[in-house]
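In my numbering, the protein residues as written are 4 to 178.
Beta carbons are placed, not taken as given, at the ideal position from N, Cα and C, and that holds for glycine.
Below is one structure, written out as structure tokens; the observations come after it.
Written as structure tokens, this is what we have:
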């Protein structure tokens, strides 16, 4: 699977890692770009498609709502958790969900709408990968172009961090 896939070849998520690798390599066609993107995804979610931001689950529990990644996802899929609640689980608060820990209401809405339009779970790996590529193509073309032409994993990882994830801290320690 190429030089950059080696770092992903252990652990319980191997089959998901491989599926993500194969899909992204087909679309990006650059091992450095795929490895940099996957490293960021792994840091965001551990490569777990139904990952709810831990702070969200903690704050919901403090508000009397006990959820796990699995039960929260099932509630979204069934409609028990509405789109509006998924986008803002607590008043005025935004939390990440999925492989890329989509956080802002607009980005999460795109994932939600895609899953619902195809009758799939919001945690479906193919839905999440399709949404990731849709976002990169339509909203982050500079990031996608860099991933396709990256000459190192660091170059790819840095562009994903600074231009796609855009956290408050993008210092050298985070990179």
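In the DSSP assignment, residue 43 falls within the unbroken alpha helix (DSSP H) covering 34-48. For residue 163, there is no enclosing alpha helix (DSSP H), since its DSSP letter is neither H nor E. Straight-line measurement puts the Cα of residue 50 at about 7 angstroms from the Cα of residue 19. Note that the C-beta distance between residue 151 and residue 33 is below 8 angstroms. It is roughly 29 angstroms from the alpha-carbon of residue 42 to the alpha-carbon of residue 93. Spanning the alpha carbons of residue 73 and residue 142 requires a straight line of approximately 29 angstroms. Pairing residue 105 with residue 137, the inter-Cα distance amounts to about 13 angstroms. Setting aside the 5 residues that flank it on each side, residue 153 is surrounded in the same chain by 33, 35, 36, 39, 159, each with a C-beta closer than 7 angstroms to its C-beta; the list follows chain order.
In this structure, DSSP gives residue 24 a helical state, which the three-state scheme calls helix. Rounded to whole angstroms, the Cβ separation of residue 59 and residue 98 is 3 angstroms, and the two are in contact under 8 angstroms.
A direct Cα-to-Cα measurement between residue 78 and residue 84 gives close to 5 angstroms. Residue 109: member of the alpha helix (DSSP H) spanning 108-120, first to last residue. Taking C-beta separations shorter than 7 angstroms and ignoring five residues to either side along the sequence, the partners of residue 146 in its chain run 139, 162, 163, 166, 167, following chain order.
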